[in-house]
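S.K.: FYI, the UniProt record's numbering numbers position 642 of the sequence shown as 642, with every residue one higher than the one before it.
C-beta atoms are modelled at their ideal positions from N, C-alpha and C, and glycine is treated no differently.
Pasting a structure below so you can have a look.
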Amino acid sequence: MADYLVIVESPAKAKTIERYLGKKYKVKASMGHVRDLPKSQMGVDVESEYKPKYITIRGKGPVLKELKSAAKKAKKVFLAADPDREGEAIAWHLAHSLEIDEGSKCRVVFNEITKDAIKESFKHPRSINMDLVDAQQARRILDRLVGYNISPLLWKKVKKGLSAGRVQSVAVKMIIDREREINNFQPEEYWSIEAAFLKDKEEFNGAFYGVEGKKTELKNKDDVDKILDRLNGKNFKVDKVNKRERRRNPAPPFITSSLQQEAARKLNFRARKTMMVAQQLYEGIDLGKAEGGITGLITYMRTDSTRISDTAKNEATNYITETFGKEYLGVKKPNKKSEGAQDAHEAIRPTSAFRDPKSLKPVLSRDQYRLYKLIWDRFTASQMAPAVMDTVTVHLLNEGVEFRATGSQIKFKGFMKVYIEGNDDNKKEEDRLLPKLEEGMVVKASDINPNQHFTQPPPRYTEARLVRAMEEQGIGRPSTYAPTLDTIQRRGYVTLDNRRFVPTELGEIVIDLIKEFFPEIIDVDFTVKMEGDLDAVEEGKVEWVKIIDGFYGGFDKRLEIAEKEMEKVEIKDEPAGIDCENCGHEMVYKMGRYGKFLACSNFPECRNTKPILKEIGVKCPKCKDGNVVERKSKKRRTFYGCDNYPECDFISWDKPISRPCPKCDSLLVEKKVKKATQIQCTNCDYKEEPQT
């Protein structure tokens, strides 16, 4: 038997760590938590300072028995759960279960699974940090008090299976508020005037700015006509040419929220998928014997700190200098702790800057490669020099009417040679060159076009936008974003339509009830303050019991009032206007895990259900009789098929369009090409220009 036992959370990294530590160490996995509050009851004694009742998690008995047996035979046990609050709590639960003194130097933490990092961490074991444990325990108990008190009430008053949680309720409220803002939005008319100018046969574009040096808004067509009437011909004089040099700095390395946002924008990953793939990269990939076998490729992925170690900075410096040259090297800046960040460990970065994505492509899956490349690119770019751009603004006058043309050119790419941060508006960073123009020159407007516009409502939240909004407002922490988004969808409070969140009727009913009887639960300021209080517990500034007590006093009273005054809500099934083909009763719309579906009103006698099919206005190209409808696969991926299925088995992953191919008369489909959509023929080589 080995002298030392090391317990980690995941079996995926156990073998790697055991290989790094050598023969004297045996590494086993706890498979996450071994103890938790019971599912069948509250598990919190509110009369005895909120004392939690922990039990062994169902199914974890054999794991715990194996760990106890191994612990008895070992000279010393090291607890090496993940380096965050939850990991500290897992270590504490293990210490209790295995009868290890929590004050002994039994806790080992590492931010990356590499040989040097692992060996160094075992030189500095410490005792379990009870402030971290108490912060996690306080969050768990708070969520249990909210969930196990409000949820049964919702079961009784609305429908079974509902739940309410602190962070999830605020997230749903944000989605509902945005939807109501969209519904109440009153569009306002405004106009613009675009012009194409010619200088020695070179064309460039400009736009109306104002009159007599003042910016002027065009609210209607009368305003536009006044401007056009004022123009004297199409000759414009170049009044001013402003040139300036602009520097653009790189984005910092990823934290959890920014990784989820950028992976959504650039890779089309859901938050949950991003964290799953990141976990694989963190725990290790087999690089082959020559490269050291299984190796962790990124640092820990649950972090809200942009800090990076001096070792990582120096390695990046060497890589950038060798690969791009000294001029591409950024100025070293001291690490700054961002406001509200726990700063427990580093930003998300590659464990070695010299492991560039191209060299790892053969050993990574497609998703692993794409996410690793994103992380590697972002980190490397963050250590590079700013990009330098020359920008030019040309002021063009005609009878006091001013148009402006702007152009820019990248003078020095700097960090942009490696990576450019995405944005939610799909704006591209590109050169827009203007011809050489000097003050006093006259150019001709070859075309002047007025355009009518209407103000647009704010967009619905995508996962990336919602995570960003939650982060900006201080709601939740890195480990909570992905589970929160997953929960609100599973509960049927929101659905995804074209990757954007739409609240369901059920979601609106639940949030309106919580708003009426438990307003603090969905109050953003209250939620932010609670996160701050939990951080204070972690920093040892306040006892966790005081935080719970401050909340529960008022909450308990509201609970009593809600029990008496909350009226029962009946959610009536909406008639679908068609009859059940099995029994003849009317079909109705029901709400399920993935949104609405059709069900027979004669349930439970008749259990007929059908998906709601969305027609796209295209006749089936195979049977010529049916209509093409939008469907969902088991993995919730959209595809298109004939509504005569199973008689007709036509399917397409790409969206068909109604017009035929002009070249061969076959089916045309919309294909995703990067961030654009391109219409292509399914039979010949016909393609149209991609549209963003």
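1) Taking contact to mean at least 3 C-beta pairs separated by less than 8 angstroms, is the region 433-446 in contact with the region 188-205?
2) Rounded to the nearest angstrom, how far is the Cβ of isoleucine 285 from that of isoleucine 348, given a contact under 8 angstroms?
3) Cysteine 681: buried (16+ other C-beta within 10 angstroms of its C-beta) or exposed?
4) Which stretch, first to last residue, makes up the beta strand (DSSP E) that contains glutamate 189?
5) Relative to the alpha-carbon of leucine 145, which residue among Tyr50, Lys226, Leu154 has its alpha-carbon at the smallest distance?
6) To the nearest angstrom, report how far apart serine 127 and lysine 115 are at their CA atoms.
7) For methionine 384 versus serine 408, is the C-beta spacing smaller than 7 angstroms?
8) Determine the DSSP secondary structure at lysine 119, reduced to helix, strand or coil.
9) Suppose the cutoff is 8 angstroms on Cβ atoms and the five residues either side in sequence are ignored; what does the same chain contact list for arginine 500 look like?
10) What did DSSP end up calling valine 158 once you bin it into helix, strand or coil?
11) Assuming leucine 534 contacts arginine 139 under a Cβ cut-off of 8 angstroms, what Cβ separation, rounded to an integer in Å, is found between them?
12) DSSP three-state label for leucine 287, please.
13) Taking lysine 60 as the reference, give the member of Arg35, Thr380, Glu47, Thr455 with the closest Cα.
14) How many Å lie between lysine 619 and valine 502 at the Cα?
15) Please classify alanine 138: does DSSP put it in a helix, a strand, or coil?
16) Taking the straight line between their C-alpha atoms, what separation do you get for arginine 178 and alanine 316?
17) May I ask you to report which of helix, strand or coil DSSP gives proline 38?
18) For the region 228-240 against the region 393-411, are there 3 or more C-beta pairs whose distance is under 8 angstroms?
19) Please go through the same chain and pick out, in chain order, the residues whose beta-carbon is closer than 8 angstroms to the beta-carbon of lysine 15, but skip the five residues on each side of it.
20) Under the DSSP definition of a beta bridge, which residues are partnered with valine 669?
21) Helix or strand or just coil, what does DSSP make of proline 125?
22) Out of Gln261, Val8, Pro519, Asp367, which has the shortest C-alpha to C-alpha gap to proline 478?
23) If you follow the alpha helix (DSSP H) that valine 167 is part of, which residue opens it and which one closes it?
24) Measure the alpha-carbon distance for proline 125 versus tyrosine 4 and round it to whole angstroms.
25) How long is the line joining the alpha carbons of lysine 634 and isoleucine 612, rounded to whole angstroms?
26) Going by the DSSP bridge assignment, what does asparagine 602 pair with across the sheet?
27) Apart from the five residues on each side of it in sequence, which residues of its chain come closer than 7 angstroms, Cβ to Cβ, to isoleucine 156?
28) Please look up how many angstroms separate the CB atoms of alanine 91 and glutamine 136, rounded, as I've assumed it's under 8 angstroms.
29) Does the Cβ of threonine 455 have 16 or more other Cβ atoms within 10 Å, making it buried, or fewer, making it exposed?
30) Does the region 480-491 come close enough to the region 220-227 to have 3 or more Cβ pairs within less than 8 angstroms?
31) Measure the alpha-carbon distance for threonine 311 versus lysine 24 and round it to whole angstroms.
32) By the DSSP assignment, the beta strand (DSSP E) with alanine 80 in it spans what residues?
33) Would you mind stating whether glutamate 346 and isoleucine 308 have Cβ atoms separated by less than 7 angstroms?
34) Measure the C-alpha to C-alpha separation of arginine 302 and isoleucine 255 and round it to an integer number of angstroms.
35) In chain order, what residues of the same chain lie with their CB nearer than 8 angstroms to the CB of isoleucine 657, ignoring the 5 residues before and after it?
36) So, is arginine 378 buried or exposed, given that buried needs 16 or more other C-beta atoms within 10 angstroms?
M.R.: The answer reads as follows:
1) The answer is yes - the region 188-205 touches the region 433-446, with three or more Cβ pairs under 8 angstroms.
2) The beta-carbon separation of isoleucine 285 and isoleucine 348, rounded to 16 angstroms, does not stay under the 8 angstroms limit for a contact.
3) buried
4) Under the DSSP assignment, glutamate 189 falls in the beta strand (DSSP E) whose first and last residues are 189-199.
5) Considering only Tyr50, Lys226, Leu154, the residue with the shortest C-alpha distance to leucine 145 is Tyr50.
6) 23 angstroms
7) Against a cut-off of 7 angstroms, the Cβ pair of serine 408 and methionine 384 comes out as no contact.
8) DSSP places lysine 119 in helix when its eight states are reduced to three.
9) Hits under 8 angstroms: Pro459, Arg460, Tyr461, Thr462.
10) Secondary structure at valine 158: coil, using DSSP grouped into helix, strand and coil.
11) 6 angstroms
12) coil
13) Arg35
14) 29 angstroms
15) Correct three-state label for alanine 138: helix.
16) 42 angstroms
17) coil
18) Yes, the region 228-240 is in contact with the region 393-411.
19) Val27, Ile294
20) Bridge partners of valine 669: Pro656, Gln680.
21) coil
22) Gln261
23) 166-183
24) 13 angstroms
25) 15 angstroms
26) Its beta-bridge partners do not exist; DSSP assigns none.
27) The sequence given here has lysine at residue 156, not isoleucine. Within the same chain, no Cβ atom closer than 7 angstroms to the Cβ of lysine 156 is found once the five residues on either side in sequence are excluded.
28) The pair is not a contact, with the Cβ atoms about 11 angstroms apart (cut-off 8 angstroms).
29) exposed
30) Short answer: they don't touch.
31) 29 angstroms
32) First-last for alanine 80: undefined, no H or E at that position.
33) yes
34) 7 angstroms
35) Val618, Leu668, Val669, Glu670, Ile679
36) buried
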